[in-house]
Amino acid sequence: MDFSTLNEALAFKSYDKVADICDSLMFQAASEGVSFQEDWPYAIHLIGHIYVNDINSARFLWKKIPLAVKESQQEVSTAWKIGQRLWIKDYASVHEAIREFIWSPQCQGIMSAFSEMYTKRMFELLQSAYSTISIQDTALFLGMNEDDATNYAVQHGWAVDPTSRMLTVTKQAVVTEQKLDHSILQQLTEYVFHLEH
Amino acid sequence: MNLNMHSVESLVAQIQGLSGNIGELTQLRSYLKHCDDLLRTESTRLAPLLTELDPSVHSLGYLYILEACTSAPLSKDQANELVLSIARFINVCAAEQIRLAPEKFISICKRFKEQVVLLDDPMRGVAPLLTSIRKLQSSTEQLTTLHPDFMLLCLLSKCYKIGLSVLEDDVFEIDQPRDLFLYCYYGGMICIGQKQFRKALELLHNVVTAPMPIISAIAVEAYKKYILVSLIHLGQFATSFPKYTSSAAQRNLKNFSQSYLDLVNNYSIGKVSEVEKCVQINKDTFESDNNLGLVKQVVSSMYKRNIQRLTQTYLTLSLQDIANTVQLNSPKEAEMHVLQMIQEGDIYATINQKDGMVRFLEDPEQYKTCEMIERLDLSIQRIMMLSKKLTTMNEVMSCDPSYLGKVGRERQRFDYDDFDTVHSKFNI
Numbered sequence: 001m002d003f004s005t006l007n008e009a010l011a012f013k014s015y016d017k018v019a020d021i022c023d024s025l026m027f028q029a030a031s032e033g034v035s036f037q038e039d040w041p042y043a044i045h046l047i048g049h050i051y052v053n054d055i056n057s058a059r060f061l062w063k064k065i066p067l068a069v070k071e072s073q074q075e076v077s078t079a080w081k082i083g084q085r086l087w088i089k090d091y092a093s094v095h096e097a098i099r100e101f102i103w104s105p106q107c108q109g110i111m112s113a114f115s116e117m118y119t120k121r122m123f124e125l126l127q128s129a130y131s132t133i134s135i136q137d138t139a140l141f142l143g144m145n146e147d148d149a150t151n152y153a154v155q156h157g158w159a160v161d162p163t164s165r166m167l168t169v170t171k172q173a174v175v176t177e178q179k180l181d182h183s184i185l186q187q188l189t190e191y192v193f194h195l196e197h
Numbered sequence: 001m002n003l004n005m006h007s008v009e010s011l012v013a014q015i016q017g018l019s020g021n022i023g024e025l026t027q028l029r030s031y032l033k034h035c036d037d038l039l040r041t042e043s044t045r046l047a048p049l050l051t052e053l054d055p056s057v058h059s060l061g062y063l064y065i066l067e068a069c070t071s072a073p074l075s076k077d078q079a080n081e082l083v084l085s086i087a088r089f090i091n092v093c094a095a096e097q098i099r100l101a102p103e104k105f106i107s108i109c110k111r112f113k114e115q116v117v118l119l120d121d122p123m124r125g126v127a128p129l130l131t132s133i134r135k136l137q138s139s140t141e142q143l144t145t146l147h148p149d150f151m152l153l154c155l156l157s158k159c160y161k162i163g164l165s166v167l168e169d170d171v172f173e174i175d176q177p178r179d180l181f182l183y184c185y186y187g188g189m190i191c192i193g194q195k196q197f198r199k200a201l202e203l204l205h206n207v208v209t210a211p212m213p214i215i216s217a218i219a220v221e222a223y224k225k226y227i228l229v230s231l232i233h234l235g236q237f238a239t240s241f242p243k244y245t246s247s248a249a250q251r252n253l254k255n256f257s258q259s260y261l262d263l264v265n266n267y268s269i270g271k272v273s274e275v276e277k278c279v280q281i282n283k284d285t286f287e288s289d290n291n292l293g294l295v296k297q298v299v300s301s302m303y304k305r306n307i308q309r310l311t312q313t314y315l316t317l318s319l320q321d322i323a324n325t326v327q328l329n330s331p332k333e334a335e336m337h338v339l340q341m342i343q344e345g346d347i348y349a350t351i352n353q354k355d356g357m358v359r360f361l362e363d364p365e366q367y368k369t370c371e372m373i374e375r376l377d378l379s380i381q382r383i384m385m386l387s388k389k390l391t392t393m394n395e396v397m398s399c400d401p402s403y404l405g406k407v408g409r410e411r412q413r414f415d416y417d418d419f420d421t422v423h424s425k426f427n428i
């Protein structure tokens with residue numbers, strides 16, 4: 001099986017493409033009637049789905065993996081553990097699962113990219129959902145120890161109250177540039193004109 | 001007339017000679033149609049002919065011969081070979097050529113799907129069937145008879161994402177009504193698998209409300225799933241059918257879904273314990289219908305509904321109170337539920353851990369941004385396109401003889417002046 005497209009994607013850090021590349025390679029192998037299950041890079045395939053937050057596809061892929069592979073390849077089952085925890089929304093333990101395993105060189109890059117992205121995603125979630133939150137919980141969600149978590153939060157503008165061990169969330173005013181393309185407004189005006197006549 | 005050596009060579013020669021352009025191909029097609037019976041009777045001797053043809057250049061001829069070869073029953077090894085050769089043909093054949101003999105192409109693709117399922121390896125068929133759909137379709141708006149086969153293979157092989165990509169195409173043309181039923185039913189199941197409940201609801205709605213003189217098993221099963229998906233996605237289910245539903249469906253579908261309608265009643269009361277009791281009572285029915293997983297999702301959606309209901313009454317509420325009202329075990333559980341709902345956009349709220357309170361907020365969308373304008377723009381364009389299509393369909397239908405015949409018959413019921421222009425030939 002020719003995995004050059006996959007390796008290229010990994011080399012160029014196009015991690016969001018990994019899942020689609022793996023899927024089409026798998027269909028190709030299947031349609032040629034080739035028995036590919038033993039050598040298939042299931043770990044990277046699973047992580048590819050997890051990276052784009054498609055836990056549904058990761059679940060279905062896991063169901064297809066032969067039992068022998070699940071039992072012998074620990075990287076595959078650890079990758080799935082992460083997917084599982086994301087599935088049941090056990091936010092904090094995802095970091096644990098990432099950290100407790102020494103990933104192979106192929107998976108190292110995408111795993112650390114995912115870990116960073118996940119931490120950022122968790123932080124944004126906390127920012128949108130909480131007005132005050134304990135340092136302990138913040139640390140759990142961000143997968144850091146309490147001091148690092150506090151520093152991370154303070155760097156992003158949150159206030160810390162050391163006595164109650166609470167953080168007060170401050171939302172950064174998000175300024176998205178509103179580039180008004182005049183042609184779109186023109187188009188809308190035309191629609192309204194058209195509809196009224 | 002036997003297919004002797006002379007005829008065989010002339011067959012191959014004809015195919016090789018007449019595959020150059022559309023004129024030649026039309027000629028070839030009539031020739032092949034003539035030979036059809038011959039091909040069928042000599043099917044066991046045809047395999048060597050295939051080696052003399054190039055499937056990408058002589059697709060039409062290759063198709064006829066391949067179809068004749070594959071009509072015979074097969075052993076397991078032969079099945080494997082067959083599956084491989086059809087898959088290869090599908091990949092390289094020329095779309096314009098196979099479209100000249102669609103029934104033949106459909107026939108080998110259906111055979112292909114049967115064999116792939118018999119070999120218990122549905123994933124083998126997914127990519128080739130997708131290719132075959134794209135080659136057979138005159139446009140992405142056409143639903144071919146191969147679409148439901150493709151959906152079925154996606155379901156059997158658990159390859160849902162690729163199924164979704166086909167479901168994104170809007171369908172405006174259908175070859176056979178039966179295809180629509182199966183396509184929408186399987187499509188609904190794929191959307192359910194990927195948790196795209198809005199699209200699943202739309203597809204299942206199509207099955208339930210499509211014109212049908214008598215109800216089918218597909219419609220019955222679709223109705224059951226329709227009820228469950230409606231509860232999960234909308235938090236409610238309207239037991240009355242839309243006006244355009246067939247009378248057969250309106251009269252009969254509910255008779256087969258009593259357990260599901262009981263679930264609807266318990267769900268609307270809002271107590272999780274009652275719903276769980278109802279699930280227990282009807283567990284065997286749900287299980288034998290293969291809907292138990294979906295039913296469980298209905299139950300867990302109740303917590304979400306109940307929390308959403310609270311936003312209508314309260315501005316702030318403690319986590320403890322939420323847990324009590326919604327029947328959760330602890331304030332921490334309530335907090336996790338609310339957090340998940342915030343993440344998925346099911347609620348606008350902020351959690352204050354210091355006081356253990358939740359403050360419910362209004363939807364912050366101001367509809368003033370560039371993204372909103374783009375969305376509006378796309379929606380309006382879509383609607384204008386749909387409106388144009390409807391007008392064209394209306395015009396085509398008003399020229400249709402069977403429509404005019406019916407209108408002519410009903411003439412007495414309407415004002416003469418309205419149908420002045422209908423030709424008297426239609427006044428039966």
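These protein sequence lines are chains A and B, in that order. Under the UniProt record's numbering, the first residue of the first sequence carries the number 1, and numbering increases by one thereafter. Under the UniProt record's numbering, the first residue of the second sequence carries the number 1, and numbering increases by one thereafter. Note that the Cβ used here is the ideal one computed from N, Cα and C, for glycine as well. Note that the structure is a prediction, hence the values are computed from the model and not measured.
Under 8 Å from the C-beta of residue 124 of chain B: neighbouring residues of chain A: 30, 31 and 33
Three or more C-beta pairs below 8 Å linking the segment 242 to 255 of chain B and the segment 285 to 301 of chain B: no
Residue 2 of chain B to residue 51 of chain B span [Cα, whole Å]: Any reading at residue 2 of chain B needs caution, since the residue's pLDDT is 45, under 50, leaving its predicted position unreliable; the model's value is listed next. If you take the alpha carbons of residue 2 of chain B and residue 51 of chain B, they lie about 21 Å apart.
Test item: CB-CB of residue 327 of chain B and residue 279 of chain B under 9 Å: no
Contact with chain A by residue 160 of chain B, beta-carbon distance below 9 Å: yes
Chain-ordered neighbours of residue 343 of chain B on chain A, where CB pairs are closer than 7 Å: 125
Assigned secondary structure, residue 210 of chain B (DSSP; H/G/I helix, E/B strand, else coil): coil
Contact between the segment 153 to 172 of chain A and the segment 181 to 190 of chain A (3+ Cβ pairs under 8 Å): no
In DSSP terms, what residue 360 of chain B is bridged to: B:349
Residue range of the alpha helix (DSSP H) that includes residue 429 of chain B: With chain B running from 1 to 428 in the structure shown, residue 429 of chain B is simply not present.
Cut-off 7 Å between Cβ atoms - residues of its own chain near residue 187 of chain B, not counting five sequence neighbours on either side: 151, 167 and 203
Coarse secondary structure for residue 410 of chain B, derived from DSSP in three states: helix
Chain A within 9 Å of residue 428 of chain B, Cβ atoms only: Residue confidence for residue 428 of chain B is low, a pLDDT of 47 falling below 50, so the modelled location carries little weight and cannot support an answer.
Where residue 51 of chain A falls, given that 16 or more other Cβ within 10 Å makes a residue buried: buried
Per-residue burial, residue 48 of chain B [other beta carbons within 10 Å of its own, 16 or more giving buried]: exposed
Three-state class that DSSP yields for residue 84 of chain A in the structure shown: helix
CA-to-CA distance, residue 175 of chain B to residue 246 of chain B, given in whole angstroms: 20 Å
Beta-carbon contacts of residue 364 of chain B that lie in its chain and below 7 Å, excluding the five residues immediately before and after: 348
Where residue 10 of chain A sits in the DSSP three-state scheme: helix
Burial state of residue 192 of chain A (16 or more Cβ within 10 Å): exposed
Under 8 Å (Cβ pairs) to chain A, residues found in the segment 353 to 364 of chain B: 353, 354, 355 and 359
Residue nearest to residue 189 of chain B in terms of C-alpha spacing, selected from B:179, B:172, B:222 and B:206: B:222
Residue 186 of chain B in three-state terms, based on DSSP: helix
Neighbour list for residue 128 of chain B in chain A, Cβ cutoff strictly below 8 Å: 31
Residue 3 of chain B at chain A interface by Cβ criterion, 9 Å: Residue confidence for residue 3 of chain B is low, a pLDDT of 46 falling below 50, so the modelled location carries little weight and cannot support an answer.
Residues within the segment 284 to 307 of chain B neighbouring chain A, beta-carbon criterion of under 8 Å: none
Test: residue 84 of chain B CB closer than 9 Å to a CB of chain A: yes
Sub-9 Å separation of residue 406 of chain B and residue 346 of chain B beta-carbons: no
The segment 123 to 134 of chain B in contact with the segment 154 to 166 of chain B per 3-pair CB rule at 8 Å: yes
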